[in-house]
Amino acid sequence: MADSEPIFVDLHDNSKPSEIESLCMKCGENGTTRLLFTKIPHFKEIILMAFECPHCGFRNNELQSAGVFNEKGHTVTCQVLGKQDLDRQLVKSDFASVKFEELDMEIPANNRRGLLTTVEGLLGNAVDDLSQGQPVRKYADEELYNKIEAIVAKLEAYKEGKEPFTMTIDDPSGNSYIENRCLPAQDPQLKLRWYVRTPEQNAALGLQSDQTPAEAAAAAVQEDDGEAPEVMSFPANCSHCHRPSETNMHVLEIPHFKEVVIMATNCEHCGYKSNEVKAGGAISPKGKKITLNMTDAEDLSRDILKSETCGLSIPEINLELTPGTLGGRFTTVEGLIRQVHQELEERAFSHGDSATDESRQRWIKFLNDLNEVAEGKRLPVTLIVDDPLSNSYLQNLYAPDDDPEMTIEEYERDWETNESLGLNDMKVEGYEDPKATESK
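Here full-length UniProt numbering is used: the first residue of the sequence shown is 1, the next is one more, and so on.
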């Protein structure tokens with residue numbers, strides 16, 4: 001039997017949507033709904049829907065995410081300083097709320113369905129929503145009418161690029177994005193922060209808020225008086241096809257480093273594979289920065305453990321990955337660079353309508369440079385691994401002696417870094433007695 005064609009395909013100029021007859025909610029006649037199952041760069045799989053009624057002219061369009069949720073939620077903050085920032089592409093998932101900081105105005109998650117638009121388009125939607133019912137409010141509640149008019153005027157000024165402003169997208173599903181105009185470098189006007197979802201947010205997403213299979217397996221290991229088995233398996237659901245699959249977990253002691261937990265999933269139904277590394281042990285009091293001068297192809301075969309809090313950069317090709325990108329990985333330097341190449345190639349905002357030819361060419365050149373580094377054709381380069389929790393590792397080929405091509409620097413974390421890691425409010429002494437805390 002021949003393999004069935006994939007449902008979600010890359011978006012091309014010749015992509016054809018499916019059309020179905022649908023009821024118009026305005027006039028009650030039948031209109032046409034067009035559906036397009038596609039992959040949008042930086043947003044995985046989505047369903048684009050557009051409705052049009054030939055009788056009354058009513059139109060509507062929306063976007064639904066068909067991909068999986070990220071392990072954590074995130075907030076994306078963008079400083080819009082001029083008209084060029086209004087052309088930034090953005091994706092707002094069904095579960096994301098948008099806040100305009102200077103106005104202290106928030107668009108709730110249930111206000112609109114998912115959107116694939118620009119910053120200017122999002123402002124236009126906000127103006128349209130607020131303007132609805134204004135003629136009636138003018139006579140029913142003039143005070144409320146004047147307040148809304150003031151907000152609409154401010155949003156119009158934002159939309160025309162007359163005033164700078166700050167907008168924040170808060171998405172518990174982790175599936176919203178704002179275009180990075182400085183790729184492959186970090187955008188100084190964008191700030192991304194990941195956070196652990198609350199049980200209420202998990203419930204809103206339809207996720208089980210009880211103990212996860214991984215936590216249950218870890219608890220089982222702790223309860224066992226004997227040594228943990230070499231490889232431990234526990235049941236889970238595949239994040240792609242949602243069918244039952246098994247996840248293998250192994251506790252590994254890395255020489256001259258620390259103990260880590262490696263988890264790998266291989267779904268026998270859809271073939272999806274994934275692996276993740278979690279560092280064990282206590283939180284290190286200092287951060288660690290490892291700098292490797294890669295001079296020959298042998299350096300590409302070094303083992304590397306990149307934790308989920310680790311940032312990575314190669315200054316010679318302007319590569320800079322923020323902490324949290326790719327999650328935890330245990331592989332070789334070559335394998336990690338190729339994973340970065342694959343991830344950026346699939347998720348880059350370089351194919352949208354607002355992308356210029358210059359940005360496309362710059363992006364293509366960067367991917368070529370990254371590929372040449374992975375193949376050992378572009379050396380020497382400098383690999384910098386910066387982990388504020390010191391949970392990342394790069395193999396020393398001369399261990400236990402010092403590696404002449406590697407420098408390791410420990411540093412004190414600043415307040416903002418500790419805040420993003422949730423360490424400032426962590427209480428490790430006296431937490432057993434809440435009354436003692438209240439009396440202080």
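No residue lacks a Cβ here, since even glycine has one placed at the ideal position from N, Cα and C. Predicted, not measured: the structure shown is a model, and the values here were computed from it.
Should residue i and residue j be called a contact, given that it needs their Cβ atoms to be closer than 7 angstroms?
| i | j | result |
| --- | --- | --- |
| residue 324 | residue 411 | no |
| residue 109 | residue 155 | no |
| residue 172 | residue 197 | yes |
| residue 54 | residue 35 | no |
| residue 114 | residue 94 | yes |
| residue 304 | residue 379 | no |
| residue 311 | residue 386 | yes |
| residue 302 | residue 333 | yes |
| residue 293 | residue 382 | yes |
| residue 161 | residue 86 | yes |
| residue 130 | residue 152 | yes |
| residue 251 | residue 278 | no |
| residue 186 | residue 101 | no |
| residue 263 | residue 276 | yes |
| residue 289 | residue 106 | no |
Nearest CA to the CA of residue i: which residue from the options?
| i | options | result |
| --- | --- | --- |
| residue 175 | 76, 153 and 150 | 76 |
| residue 407 | 200, 204, 291 and 230 | 291 |
| residue 384 | 359, 418, 317 and 103 | 317 |
| residue 267 | 235, 413, 321 and 250 | 235 |
| residue 64 | 48, 78, 245 and 141 | 48 |
| residue 307 | 322, 298, 294 and 297 | 322 |
| residue 246 | 273, 252, 254 and 121 | 273 |
| residue 39 | 405, 346 and 133 | 346 |
| residue 271 | 263, 242, 296 and 289 | 242 |
| residue 298 | 237, 261, 376 and 230 | 376 |
| residue 249 | 239, 265, 258 and 240 | 265 |
| residue 300 | 364, 397 and 309 | 397 |
| residue 180 | 423, 89 and 327 | 89 |
| residue 422 | 309, 137 and 19 | 309 |
| residue 388 | 419, 366, 402 and 405 | 419 |
| residue 313 | 183, 26 and 138 | 183 |
| residue 123 | 244, 158 and 20 | 158 |
| residue 328 | 118, 37 and 71 | 71 |
| residue 120 | 83, 46 and 326 | 83 |
| residue 331 | 269, 232 and 392 | 392 |
| residue 205 | 45, 132 and 96 | 96 |
| residue 296 | 269, 405, 341 and 315 | 405 |
Would you mind reading off the limits of the beta strand (DSSP E) that contains residue i?
| i | result |
| --- | --- |
| residue 169 | 165-171 |
| residue 21 | 18-23 |
| residue 384 | 381-387 |
| residue 78 | 73-80 |
| residue 293 | 287-294 |
| residue 58 | That residue, residue 58, is in no beta strand (DSSP E); it is neither H nor E in DSSP. |
| residue 100 | 97-100 |
| residue 406 | 406-411 |
| residue 265 | 259-266 |
| residue 106 | 105-107 |
| residue 193 | 190-195 |
| residue 311 | 311-314 |
| residue 277 | 273-279 |
| residue 89 | 89-92 |
| residue 302 | No beta strand (DSSP E) holds residue 302; DSSP gives it neither H nor E. |
| residue 237 | 232-237 |
| residue 396 | Run containing residue 396: none; DSSP gives neither H nor E here. |
| residue 248 | 244-253 |
| residue 330 | 329-332 |
Starting from residue i, trace the alpha helix (DSSP H) in both directions and tell me its first and last residue.
| i | result |
| --- | --- |
| residue 203 | 199-204 |
| residue 120 | 119-131 |
| residue 136 | 134-140 |
| residue 374 | 357-374 |
| residue 420 | 415-420 |
How close, in whole Å, do the beta carbons of residue i and residue j come, if the pair is a contact with beta carbons under 8 angstroms?
| i | j | result |
| --- | --- | --- |
| residue 81 | residue 164 | 5 angstroms |
| residue 284 | residue 359 | So it is not a contact: roughly 39 angstroms between Cβ atoms. |
| residue 22 | residue 28 | That belief does not hold up - the Cβ atoms of residue 22 and residue 28 are roughly 12 angstroms apart, past 8 angstroms. |
| residue 79 | residue 168 | At roughly 10 angstroms, the Cβ-Cβ gap does not stay under 8 angstroms, so residue 79 and residue 168 are not in contact. |
| residue 58 | residue 33 | Contact flag wrong, Cβ pair sits at about 12 angstroms. |
| residue 68 | residue 177 | Rounded, the Cβ-Cβ distance is 15 angstroms, inconsistent with contact. |
| residue 134 | residue 148 | 6 angstroms |
**Asked** Does the pairing of the stretch 328-343 with the stretch 362-374 give three or more beta-carbon distances under 8 angstroms?
**Response** Yes, since at least three Cβ pairs between the stretch 328-343 and the stretch 362-374 fall closer than 8 angstroms, the two stretches touch.
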